Structures are given as structure tokens and as C-alpha cells.
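Read the structure below first, then the notes.
Chains as they are written, first to last, in this note's numbering: chain P, 326 to 812; chain Y, 1291 to 1775.
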């Protein structure tokens, strides 16, 4: 057994294998126009309606770099605490395909815009640092549609030329769980920065997954296979699991692993060989003579640094230090920019501890049930803040608050109004409560005598009776106090 | 006026501005002469009717402040022209009609000129004789069986035969200067980055430059001032202060230092080229310039370097002609089959040869030995010029190692064809401006040119030197109109 509870190992006979994973994430740059043309980039547009002469590679058309995309890439680099290269070069990656109009993809090969950086993962057994090898800018290709016609392939060039950031990790990941945490963290950072919306359904975030295995303790890397273009975290995890086991089986069987490119079949839950190393394309990379090397000044980078918002790691630290949140609570609240924005809006005017509990507890549960994002929450941050204040100042009890909360989930209403309309206000007037309590004691004389003779368990019975009679509105704390005196 | 087509561009502009001639009269004259000159095969696409209509429209409300008021002009078929077929001399673009206009041609129309047609050229500008064009070879008006040079062979022939008062070509390794030299005309290849490449069918992006081709230096200067603009649509366009070249043109070149590079005395160079060069040196001295011997030590490597860099870029630039989006498509069993058939039927032999060379030199395992090495040598060639320009203001060389050769003479010997570019190619590799002016005739009576190479962005200086020499040389083209029956 491994010492480390969360260590992911594959056991075969007497051997234990460690899985080594590196990811090449393709993140679509959030930008209204493409990397080298002014065409729009809106998702879901009619086919071939967002295509310029440059995107369709008409004769004599030339690429012109979109400065905004360059800024987005640099910002992402800053978010990954990476080295920004003041000089980078766009290269042509040459290959023929029907949805690649130029016959080459403009990418960055030898000199990427961003160099080495790192991402910190919060794992159950502590933090883990994953190295970033590089980030480069490149064009997306168009889309080939093979299933609309039995004989013909259709091509949609809307995506052709859309700006992508390829973020290459070092082979530092060791389990499907770490891959999950890594993608989520990367996505979170980019969403904080506004450089990629991270929408995996729309293809804004996809990854090529490099997997190899080695005997535990070994320092040498095994031969890796690259699983191309996986577009959900779940599929990445399934693909890794399948692929790692396949490789272990081969080794245990005395066979060798071929370095190759594989595809993940989501229906059969298996990876399949796409092409071997021998069949690999010769991309004939060379610097694109239509574009000069991209040079950015120190000032340009410094200006972008000043635009960087507080990122999840820093925010988490602040939440823990300033608001005394637990690391667990802080992690949840900073994991997504929308959640942290919501949280910070709620606590502007209300108690932090209560806000934390209500957001992580009730709100998340309710949203989950309705399958809603925090941005779609029926309860605005302002109204949740009001609800919390009603609890805090004793207007309603925590229990009543849950009823009010349920009402609010049906439509964002001011909790004060709900309390008033439904008469849910907590009874905190000692005189009124005394009267109520006297009546309950009166009605239950025999029990009161039993209590006095030592049957203290009956105290709960009296509290329950008072609450019942008050319709749940009696202030439980006051009820306790008065009851103790009266009994 | 009966001899409209014999007038230079400057004369025509003056006559239209002073209302001695209308645009319609001028356009009609060139259209009629073009119609009588089909045998030269200079046009790939004629647009005579539109041209005449545009001339009429111009005359109705003539703007005489323009630099090219109502001047008819045919242009090389490598420039994309909106709504008029643009073929690049290739079958693969046989039916391609652009929806857009190149920046260089747009600049020309903005100054009032009128498009008359598209001129023949080597396929994708790959050739030195106009024999690789899908639309057939072009006759040199000097002599029926002579090539007009290439790749701007239709352009040189059209200017020499006075079918267009002036034109534009493109020059990747000599494609303006060599045909100018072969036809007794003037051709300027500007500094790389001077003229926008937007809308010009690309051959080799780091070398391609558009430039004027004219009957004389003054006309050439005027057109250069029209076509050279900074263009944001071309990332390699350079924003520098551009002169009004024709206004600032002067024959006063006293005290200018002219370099004579010893490495351009190549083995086997005909004596008549050597003599022409010597004559050129005398002319320059007569103008009061000083001659200085210089060395450009890496000259010998220029041609092999060029024939790695240019095909490498071309192999990638031409990948877009795949039958998918526009242009010629051959049906195939599947995608790969369609590609293979389209490209082997759509491209001619020379283009295929260069695509193969380019693909080879970029392939993994050969990249360092060829492409990367070539880029290093290219830098050394540029350094040679930088060194030389510490001592001289311009460099004088022959334009070509021989006069125009016969049609078919070199088609089976690509290396001998490539050698034609030996004096022009280094200029492209270094990104410098160069001008070829007619300077004499060989023993057969064929024209020969001299080349003046300038510092980057110093077009004015080489135009001035050419202008001064032009007067001394007093060249006359012997054109007999043999093709007009």
C-alpha cells in the first residue's frame, strides 16, 4: 500500500505503476475578432457567415495580427506566473486538409509568446505545483462536417482563424483527479482574467492528453501516447484511465509501447490508434514571411500587469486571512470568479460567517437541484445579504429563514417583504413570549411537575410546545431563557 | 493626333491636363493598337469595353488634378482586380474573379488611371521568359522569336510595343528588371516594404515587390510615387517618408559615389556585357559621379540561396490552391486524390518543380542544412551591401548576363534559365531598390540593360542616377511593328 492516501497507482501482480500525464490545452481567446482578421467569432452562427477573405485564404490576402489577442495571451501568461517573451515568432505549420484554407496553420513553434510558468492545485492531501512549459498563440482550423451528405463533406470556416492559446504543461500530473483539478484551475484563472470563457461544450477549451506509465520509483519516463482533442474533463479522466491500463497491460505482457497519436472513443470508452510516429505529418515549420517577429516592450507588459485582477490563489489567501474562512470554504468560494463576486457582494453589507454558510450550504444545494449556474441564481446577492441581516438582527430565526429562502428561490423577492406578507417575523417581545409560555405551562401542569421533580429531559418538550403554539415564530433563544426561569 | 501611343506617360498626362487630348481618345488609341497586336499575346484578359466606358465617364467630369488623369493602363495578371479575372498565368486560377482590389492597383485607379486588361506573365511569376504561362508565351516586340523576359514578360512587351503607356510588374528575383532589360524599357524594383503586397498573388512573400515598368525614367518615377504607400493590411509594409519622386527628380548627380562590385564579373560573361558595363561607368563619370571599386564577397551564393528561400516560401504560399474553395478542381475518389489531381493538372511543370524543391528544403532533417543555412547566407549578402554603402551611394552592374534569348532556347535547362537572375537576385535577398535602364544593344541589335542598386528607401537617388544616365545614353529601341499586318 502507498503511504499517500490519494496516490494513484495501477497494480498488476507484484508491480505498481505510476501514471505520468502532460496536457496541451487549447483555449479559445476571448476576443470579438479573429487572430489575423476582423471577422466575428460568435459561437453558433450560421455556417460560413463569419469568414473574411483572409480566413478563406483568397489569393493575395495577408494576415494582420490582432493586438487584443496578443494582450489576452500575455495576460494569461501573467496569470500563470510565467515568463513573457518580449520577442516571439509566428511560424507556418504546413499540412493539407479541407478545413485548413491556407494549407498551413499560423502558430508559434520555436519562439512562443509565453515561456515557463506554474499552476498551484489544491488537492485533498495538500497543494501541488504543476509546471507550465509554454503558451503560444495559433489559429484554429475550420470544421469538416462529414455526416450531412453520404458523398460530400461540408466545410464551415467560421472557426477558421479564431485565436487559440495552446498551453503546454510539463509532465507533472499523476492522476485523473489531478487532471481534473488542473483543468478547473486553469479555467478558473482564465475566467478571472477574462481571456477564455472556458466553455467546454462550445469547444472553447479542449486538450491533447499525453499519457505514459512507469514502475513506481522509476526516474525514467515511459513511452508516451498522445490522445487528441478531448473536450470534457470526464472524457479526459476516462481516456487516461483506459490508456494507462492499456499501457500497463502491454508492459506486463512483455510488449513495448509505440509512440503514437490516439483517439478517445467516447461511446466505447477506449482509445484507438490514429497514426504512428512513422506516419506523423512533417509540418515543415518555418517563420511566416507575411508576419514580422512580434515584439512587445516592457511598458506594454507592465500596463497589462496593472490590469490583472486578484486571481484565485491571492483571493483565497485574503479570504482566509481577512475573513477567517477555512481553506476548504475559501477554495470553494474562489474556484469560480462568478461565485467569488457573488460572495463578495453578499458580505459587503452582511455577516461573513453566515454568508459563507448560506452560500456554500443552502444556495449551492438549491442551485444544484435546479441545475443553475451562480450567474443564473434567482436570488441576487443583494437579497441574500438582506436575508442574512434578518437572521443576524433576530427578525427571523434560522428555521424561518429557510422558508423565506425557498420563497426567494421562486423569484427574487425582497426577503423583508416575504417576512411581512406572510407574517413570519420572529416573536422576540419577552412579555408576549412570557404570556405564551405561561399558557403552555398551564396547559401541561403535570409535565411541569415532573420536570421540577428532576425529569430535565422534558425541557425540550416545552420548547417544542412553545414553538408550535407560536407557529415557529418565537425567538428560540428567548424561549429558552424564559422557560428556564419559569419552570 | 495620330501618334498617341508613341507618347510617353508624362506627355499623355500633360496633354490630357491641358485638354489637348481626352481620356477617350487616348484609351481608344491604346485599345486599337492592342487589338492589332494579338500576335504578341501580351493580354490574358482584355477589358476594352469597360475601359472605353470608364474613359467616357472620366471625360464627362474630368478631374485634372489627379496624377494619372484618364490614363489607360494594363497591369500584370498577378494583381487582383475587383470583378476582373485574375489568373497569375495559371490554369488553377483560370476562372478566378476577385471580389477585391490590390492596394497597388487601387492606388493607381485612385489617381485616375483606367484598367484596360491583364497582362501575361510566367505562372505564379515563376520564370524568366514568360514561357511557363498557361496562356502561352509572349513575343518580344524587338524580334519575333525572342522571349520578352519574365516573369513580367507581358508587361515588358506591352510597354515596349506601346500597347500601354506604362505598367506595373512584380519582382521576386528580377521579374521586373530582367524583362525591362530584354525589351529596352525601364523597370524599378522598389525597396521591400515600399509597395503593399495586399492583393498580389504571392510567390515568395519575403522577396515579392511590385514596381513600375515604363518607357523612361521620369514616367517610372511618377508611377512609383503613386503606387508606394504604407498599408496596414500588409504587415511587412514600412511606414517611411515617401518622396514625390517625379517632382524631386534631378539629373544632378555630381559627386555621387558609384560602386562597381568586382564579383559581378562572372565567368563566361559575354564581352558585350562587359563593354556595356564599361560604357555605363563612362556615362556615370561624365555626369560628374565618382567611381569606386567595391566588393560584395557573398555574391556567388546569392543564386543558390534564392533558389532555396523562394521555393520554400512558394511551396507554402501555393498550398491554398487545393481545389476546395475557388479555382480549378479535378474530381477525385477522395480528398487526397482530388488534391493530387487538381494540383498536378492545375499547376505547370515549373511551378511543380519549385513546390517540390521548397517542400524538400523545409522538410524535417533538411531544414537546418538548407532553409536555415540559406537564411544565414541571406544575412551575409545583406551585410555585404551594408558594408559597401558605407563607401558608396549606389552600385552599378549589368542587369542580365546576356540579351534576350530565343523562345524555347532554355526551357529544357532550368539551371541555365535560373542563371539569368544572377545580377538581380542579390537585390531581392537584401530587400534593396534596383532599377534597370536600357543602355545599349548587343551585336544582334537586341537591347541590353544596366542596373543601379540603391540603399534601402533611397529610390530617389537611383532614379536620379538613372535619369542622368538616360540622357547620356540616349537609347533608341528598334521596334518595327512587325506584328501589325
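No residue lacks a Cβ here, since even glycine has one placed at the ideal position from N, Cα and C.
Keep in mind that this is a model prediction, so the values were computed, not measured.
Residue interval of the beta strand (DSSP E) (run including residue i)
i: residue 587 of chain P; result: 585 to 590
i: residue 550 of chain P; result: 550 to 555
i: residue 1501 of chain Y; result: 1499 to 1504
i: residue 534 of chain P; result: 530 to 540
i: residue 454 of chain P; result: 451 to 464
i: residue 1581 of chain Y; result: 1580 to 1584
Opposing strand residues paired with residue i [DSSP bridges]
i: residue 1369 of chain Y; result: Y:1490
i: residue 339 of chain P; result: Paired residues: none, contrary to the question.
i: residue 429 of chain P; result: P:419
i: residue 1430 of chain Y; result: Y:1433
i: residue 1739 of chain Y; result: Y:1728
i: residue 1687 of chain Y; result: Y:1741
When the options are compared against residue i, the one with the closest alpha-carbon
i: residue 1483 of chain Y; options: Y:1526, Y:1449, Y:1511 and Y:1476; result: Y:1526
i: residue 754 of chain P; options: P:794, P:800 and P:730; result: P:800
i: residue 659 of chain P; options: P:415, P:635, P:678 and P:676; result: P:635
i: residue 719 of chain P; options: P:798, P:782 and P:692; result: P:798
i: residue 1336 of chain Y; options: Y:1367, Y:1461, Y:1306 and Y:1579; result: Y:1367
i: residue 1820 of chain Y; options: Y:1385, Y:1427 and Y:1454; result: Absent from the model: residue 1820 of chain Y. The displayed extent of chain Y is 1291 to 1775, so no value can be given.
i: residue 393 of chain P; options: P:355, P:522, P:478 and P:808; result: P:355
i: residue 631 of chain P; options: P:404, P:437, P:360 and P:603; result: P:404
i: residue 458 of chain P; options: P:448, P:490 and P:467; result: P:490
i: residue 624 of chain P; options: P:700, P:411, P:583 and P:406; result: P:411
i: residue 1772 of chain Y; options: Y:1485, Y:1433 and Y:1586; result: Y:1433
i: residue 1733 of chain Y; options: Y:1561, Y:1344 and Y:1372; result: Y:1561
i: residue 1464 of chain Y; options: Y:1721, Y:1590 and Y:1550; result: Y:1721
i: residue 1625 of chain Y; options: P:407, P:469 and P:396; result: P:469
i: residue 426 of chain P; options: Y:1696, Y:1609 and Y:1502; result: Y:1609
i: residue 348 of chain P; options: P:448, P:516 and P:555; result: P:555
i: residue 1682 of chain Y; options: Y:1660, Y:1622, Y:1698 and Y:1585; result: Y:1585
i: residue 380 of chain P; options: P:498, P:664 and P:359; result: P:359
i: residue 1293 of chain Y; options: Y:1323, Y:1308 and Y:1303; result: Y:1323
i: residue 476 of chain P; options: Y:1621, Y:1775 and Y:1638; result: Y:1621
i: residue 1565 of chain Y; options: Y:1740, Y:1358 and Y:1703; result: Y:1740
CB contact flag (residue i, residue j, <9 Å)
i: residue 1500 of chain Y; j: residue 1369 of chain Y; result: yes
i: residue 812 of chain P; j: residue 760 of chain P; result: no
i: residue 432 of chain P; j: residue 391 of chain P; result: no
i: residue 639 of chain P; j: residue 337 of chain P; result: no
i: residue 712 of chain P; j: residue 726 of chain P; result: yes
i: residue 1701 of chain Y; j: residue 1421 of chain Y; result: yes
i: residue 535 of chain P; j: residue 567 of chain P; result: no
i: residue 1442 of chain Y; j: residue 1478 of chain Y; result: no
i: residue 1330 of chain Y; j: residue 1470 of chain Y; result: no
i: residue 641 of chain P; j: residue 656 of chain P; result: yes
i: residue 1446 of chain Y; j: residue 1430 of chain Y; result: yes
i: residue 1743 of chain Y; j: residue 1664 of chain Y; result: no
i: residue 407 of chain P; j: residue 443 of chain P; result: yes
Beta-carbon separation (whole angstroms), residue i vs residue j, contact threshold 8 Å
i: residue 343 of chain P; j: residue 539 of chain P; result: 6 Å
i: residue 1614 of chain Y; j: residue 423 of chain P; result: 5 Å
i: residue 402 of chain P; j: residue 439 of chain P; result: 3 Å
i: residue 1728 of chain Y; j: residue 1474 of chain Y; result: 4 Å
i: residue 741 of chain P; j: residue 709 of chain P; result: Contact flag wrong, Cβ pair sits at about 13 Å.
i: residue 335 of chain P; j: residue 505 of chain P; result: Incorrect: roughly 18 Å between the Cβ atoms, too far for contact.
i: residue 1515 of chain Y; j: residue 1535 of chain Y; result: 4 Å
i: residue 1468 of chain Y; j: residue 1692 of chain Y; result: Residue 1468 of chain Y to residue 1692 of chain Y, Cβ: 10 Å. No contact.
Endpoints, the alpha helix (DSSP H) within which residue i is located
i: residue 1398 of chain Y; result: 1393 to 1400
i: residue 1756 of chain Y; result: 1749 to 1763
i: residue 760 of chain P; result: 755 to 768
i: residue 692 of chain P; result: 689 to 695
i: residue 1318 of chain Y; result: 1313 to 1325
i: residue 752 of chain P; result: Where residue 752 of chain P is concerned, there is no enclosing alpha helix (DSSP H), given that its DSSP letter is neither H nor E.
i: residue 478 of chain P; result: Looking at the DSSP string, residue 478 of chain P is not in any alpha helix (DSSP H), and its letter there is neither H nor E.
i: residue 1568 of chain Y; result: 1561 to 1576
i: residue 743 of chain P; result: 740 to 747
i: residue 1551 of chain Y; result: Careful: residue 1551 of chain Y lies outside any alpha helix (DSSP H), inside the beta strand (DSSP E) at 1547 to 1551.
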